[in-house]
Amino acid sequence: MKIQHKRIMIIAIFVICLPAMSYAEKMYVTDVLNLTLRSGPSTENKILVMVKSGRQVDILERGEEWSLVKLANEKEGYVLNRYLQPNPTGRIRLEQLQITYDTIKQQEATLLEENTRFKNENEKLTAAIQSNEKMLKKLNGDYKKLKADSAEFLNLKSKHKQISGKLDAQTQRADALDAELSRIEKNQYFKWFLAGSGVLLVGFVVGFASKRGRRRSSLL
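Residues in the sequence shown are numbered consecutively from 0, following numbering that gives the first Met the number 0.
Okay, structure coming up:
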């Protein structure tokens with residue numbers, strides 16, 4: 000009966016302490032070299048383990064001088080209250096700050112690297128844009144010149160066509176005039192030939208008549 004009664008009492012105490020254990024207060028070991036975790040609330044009790052400075056502990060039961068705490072490895076024991084404080088120690092805060100600083104430095108280095116990379120890419124893009132703008136300007140100039148040359152070419156082509164047409168007409172007219180002139184010249188040559196032939200014939204007739212007259216005179 001006594002053993003069973005003790006078991007009931009232990010279970011009741013455990014149930015009563017369970018909420019307190021679930022919401023245990025968190026404390027930190029002060030800046031001491033090492034803190035002894037003992038089996039009971041006295042320096043006479045056995046040392047269970049040495050707790051390093053800055054370690055976080057959960058308060059399970061707070062006494063006037065000693066407190067029952069639980070370590071991160073689930074080990075429980077008693078420590079002196081004067082070696083506990085609610086905030087992390089300076090060394091822990093320094094370590095945390097160092098970690099934060101290292102993280103920020105790493106992020107800064109990464110950001111600087113990305114910034115350099117983006118800057119180089121931006122310079123390349125700027126150079127490419129300037130080159131493309133120059134090329135576009137040249138192409139626009141070439142296009143305008145080609146357009147002007149094309150308009151001039153079309154104008155010259157139209158004029159050439161007109162002049163060629165006029166030249167063809169003039170050539171045809173000249174050919175017609177040449178043909179007419181040749182015809183006229185032929186007619187004129189023929190008239191001259193007839194006129195010359197007529198003169199010769201008249202001369203021959205006159206000469207013949209004169210000779211015949213002289214012959215008659217001599218006979219008489």
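Glycine included, each C-beta is placed from N, C-alpha and C at the ideal position.
Other residues of its chain near residue i: CB distance less than 6 Å, five sequence neighbours each side excluded
i, result
"K69", "D57, L59 and E75"
"A108", "none"
"N121", "none"
Beta-carbon gap between residue i and residue j smaller than 7 Å
i, j, result
"L34", "Y77", "no"
"R37", "N44", "yes"
"D85", "W65", "Checking the sequence, you will find Pro at residue 85 rather than Asp. Contact: no."
With 16 other Cβ atoms within 10 Å as the buried cut-off, status of residue i
i, result
"L96", "exposed"
"R182", "exposed"
"V48", "exposed"
"S21", "Unreliable positioning characterises S21 in this predicted model, as indicated by a pLDDT of 45, which lies under 50. The coordinate reading is nonetheless provided below. With fewer than 16 Cβ atoms within 10 Å of its Cβ, S21 is classed as exposed."
"M134", "exposed"
"L67", "buried"
"L17", "Note on L17: pLDDT 46, under 50, position unreliable in the model; the coordinate value appears next. Answer is exposed; the Cβ neighbour count stays below 16."
Residues near residue i by beta carbon distance below 7 Å, same chain, minus five either side
i, result
"G62", "P40"
"K25", "Q55 and D57"
Contact set for residue i: own chain, Cβ-Cβ below 8 Å, skip 5 residues either direction
i, result
"V50", "V28, N33, L34, T35, L36, V56, L70 and V78"
Mind pulling the beta strand (DSSP E) runs of 3 or more residues that sit fully within the region 72-135? 75-79
Contiguous beta strand (DSSP E) assignments of at least 3 residues, all confined to the region 138-169: Within the region 138-169, no complete beta strand (DSSP E) run reaches 3 residues.
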